[in-house]
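With the first letter of the sequence shown counted as 1, position 131 gets the number 131 in UniProt numbering; the numbers rise by one all the way through.
Glycine is no exception: its CB is placed at the ideal position from the N, C-alpha and C atoms.
Only one structure is covered here, and it is reproduced in the block below.
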Amino acid sequence: MIRGENLRQGKLAGKTPDLHTTDILEIILNSAYEGVTVVDKNGIIVEFNDAYSRFISVDKKDAIGRPVSEVIDNTNLHHTVKTGISERGVIQYIQGQPMVVHRIPLWKEGVLVGAVGMLIFEGVTELYRIYERFLEKTAQTGKINSQKLVENTKVSNSTLDRIIGTSDAIANLKRMTRKVAKTEATVLISGESGTGKEMFAHSIHDLSHYTQGPFISVNCGAIPDHLFESELFGYEEGAFTGAKKGGKPGKLELAESGTIFLDEIGEMPQMMQTKLLRVLQEKVFERVGGIKPIQLKARVVAATNRNLKEMVQSGTFREDLYYRINVIELAIPPLRKRSEDIPILIAHFLTDICKKYEMAEKEITENAISSLMNYEWYGNIRELANIIEKVVILTDGNVIDSHHLPNYIKGQHFSSIPSLSPINQLKEEDDNKEKEIIIQAMKDSGGNKSKAADRLGIHRTTLYKKLKKHGLQ
Numbered sequence: 001m002i003r004g005e006n007l008r009q010g011k012l013a014g015k016t017p018d019l020h021t022t023d024i025l026e027i028i029l030n031s032a033y034e035g036v037t038v039v040d041k042n043g044i045i046v047e048f049n050d051a052y053s054r055f056i057s058v059d060k061k062d063a064i065g066r067p068v069s070e071v072i073d074n075t076n077l078h079h080t081v082k083t084g085i086s087e088r089g090v091i092q093y094i095q096g097q098p099m100v101v102h103r104i105p106l107w108k109e110g111v112l113v114g115a116v117g118m119l120i121f122e123g124v125t126e127l128y129r130i131y132e133r134f135l136e137k138t139a140q141t142g143k144i145n146s147q148k149l150v151e152n153t154k155v156s157n158s159t160l161d162r163i164i165g166t167s168d169a170i171a172n173l174k175r176m177t178r179k180v181a182k183t184e185a186t187v188l189i190s191g192e193s194g195t196g197k198e199m200f201a202h203s204i205h206d207l208s209h210y211t212q213g214p215f216i217s218v219n220c221g222a223i224p225d226h227l228f229e230s231e232l233f234g235y236e237e238g239a240f241t242g243a244k245k246g247g248k249p250g251k252l253e254l255a256e257s258g259t260i261f262l263d264e265i266g267e268m269p270q271m272m273q274t275k276l277l278r279v280l281q282e283k284v285f286e287r288v289g290g291i292k293p294i295q296l297k298a299r300v301v302a303a304t305n306r307n308l309k310e311m312v313q314s315g316t317f318r319e320d321l322y323y324r325i326n327v328i329e330l331a332i333p334p335l336r337k338r339s340e341d342i343p344i345l346i347a348h349f350l351t352d353i354c355k356k357y358e359m360a361e362k363e364i365t366e367n368a369i370s371s372l373m374n375y376e377w378y379g380n381i382r383e384l385a386n387i388i389e390k391v392v393i394l395t396d397g398n399v400i401d402s403h404h405l406p407n408y409i410k411g412q413h414f415s416s417i418p419s420l421s422p423i424n425q426l427k428e429e430d431d432n433k434e435k436e437i438i439i440q441a442m443k444d445s446g447g448n449k450s451k452a453a454d455r456l457g458i459h460r461t462t463l464y465k466k467l468k469k470h471g472l473q
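See the structure below:
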């Protein structure tokens, strides 16, 4: 049986690999950083190089074998081995000096076995980047607030580092995110519902020079067609019956000096696609009923769970708008395509949910983990979080086993569902059956909500409500 924290600390499938000296040396030899310390899964220092020793004036023999929190000021390395979440280019005050550090979890055969802390002195890209921020701030104000610099640097890494996963796919996406965030390029984030598209959008915002401005999110699938223009562009007083006195700024205006996130852009009405294309081309727009041009001064990031290429071919999405928003595409894989990330996600949700409800941390058996890893997860991470929360609340005692999981997780297949049509005839207590039917409809429709709603014989708005109800949206 495995606790959430133990999942992160290597107690998966009854194996707890040790951190061997050969593993440590390989990491150190391949690193370009000058100060290196390595801790095991308990936060105990097992390697401490000469550069670090000289910098903090602690002999290696006095450091090795001790908890890292007792040796290095303000370290979070002992937390890294619990969370499995890396921190790169953050500021840490050591002996009163602000230093740039990396904290990287170490994995072996999919198990977290320790962490390495890297102290950067010179010759590293991240250090120059922070130095450039220092110069920019100095040029603007004539002086620098070092504490503010520390806060900004931590914020700029926080969202991306909260995206959990050790698979190659997630690691590559994080690298791309850091790269494109520094540019002005328009980004399209694609992926099924529940894969974390908005977190990547927040990460782009946090890591860009727009980070001091607002992050304004617009759900294109939730705005009625007749209100879309006034929501996006705003309106002047008297523009239409019921218009607010003094007018109202739109989302594009509110996003000034920040980021505008156009979620579910595939649901945008074609009339609005034309108007948005003009804004992106000319960088200017007007409020509804207004004549004064307003400059677009925001980074544009869009997201979709639909296949926009197919929509272009079918004539339901403008080709010129597609290429305008898709300068860079971040394609997030579904959870079923990166199942190696499921155990650490389970660990994260177990710990968070138990804390949320002030419950003793629960354990989960290997059989339960196996069932969860073999499930298709068409609701992706959002569905996984929903399931873990449900079983944490409903399971008596502190052990979650496979029999606590819903039947459809344990291997009951959709072929047992006779028909998709009677969804509106189901009784309130048939929640599991309703969820199975919706998942099947979404699967058969390739994630297209409009097509799924048609198959189910319900309005798209009703489908949205049911997706939200079951944690599938």
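- Judged by their CB atoms, Ile325 and Ala298 are not nearer to each other than the 9 Å cut-off.
- At the C-beta level, Asn380 and Gly196 come within 9 Å of one another.
- Residue range Gly35 to Asp40 is occupied by the beta strand (DSSP E) that includes Asp40, with no alpha helix (DSSP H) assigned at that position.
- Comparing alpha-carbon positions, the option among Ser450, Asp454 and His470 lying closest to Ala222 turns out to be Ser450.
- DSSP places Gly43 outside both helix and strand once states are collapsed to three, so it counts as coil.
- Restricting attention to Phe317, Ile328, Asn386 and Glu366, the CA atom closest to the CA of Phe349 is found in Asn386.
- Along the length of the stretch 283-329, whole alpha helix (DSSP H) runs at least 4 residues long occupy 308-314 and 319-325, reported in chain order.
- Here Gly194 is buried. Its C-beta has 16 or more other C-beta atoms within 10 Å.
- Per the C-alpha coordinates, the member of Glu264, Glu87 and Glu436 positioned closest to Lys410 is Glu436.
- According to DSSP, Gly114 shares a beta bridge with Asp40 and Leu106.
- In the structure shown, Val58 adopts coil according to DSSP, grouped into three states.
- Under the three-state reduction of DSSP, Tyr378 is assigned to coil, being neither helix nor strand.
- Contact annotation: Pro333 and Gly191 have beta-carbon atoms nearer than 9 Å.
- The Cβ atoms of Leu106 and Val90 lie no closer than 9 Å to each other.
- By the neighbour-count criterion, in which a residue is buried when 16 or more other Cβ atoms sit within 10 angstroms of its Cβ, Lys82 is buried.
- Note on geometry: alpha-carbon atoms of Ala303 and Leu345 lie some 23 Å from one another.
- Residues of the same chain with a CB within less than 7 Å of the CB of Ile388, apart from the 5 flanking positions on each side, are Ile346, Phe349, Leu350 and Ile353 in chain order.
- The DSSP assignment places 342-356, 366-374 and 380-394 as complete runs of the alpha helix (DSSP H) inside the stretch 336-408, in order along the chain (cut-off: 4 residues).
- Judged by beta-carbon spacing, Val301 lies beyond the 9 Å limit of Ile294, meaning their Cβ atoms are not closer than that value.
- Taking a cut-off of 8 Å on C-beta distances, the stretch 306-324 touches the stretch 274-290, as three or more cross pairs fall below it.
- Short of 6 Å from the beta carbon of Gly43, and not among the five residues preceding or following it, lie these beta carbons of its own chain, in chain order: Pro67, Val68, His78 and Val81.
- The three-state secondary structure of Ala185, taken from DSSP, is coil.
- Within a 10 Å sphere around the beta-carbon of Phe240 sit fewer than 16 other beta-carbons, which makes this residue exposed.
- Distance between Gly84 and Lys275, taken at the CA atoms: about 44 Å.
- Excluding residues up to 5 positions away in sequence, Pro333 and Arg338 lie with their Cβ nearer than 6 Å to the Cβ of Ala169 in the same chain.
- Excluding sequence positions up to five before and after Lys443, its CB lies within less than 7 Å of the CB of Tyr378, all in the same chain and listed in chain order.
- Considering only Tyr357, Glu363, Glu329 and Ile328, the residue with the shortest C-alpha distance to Pro343 is Glu363.
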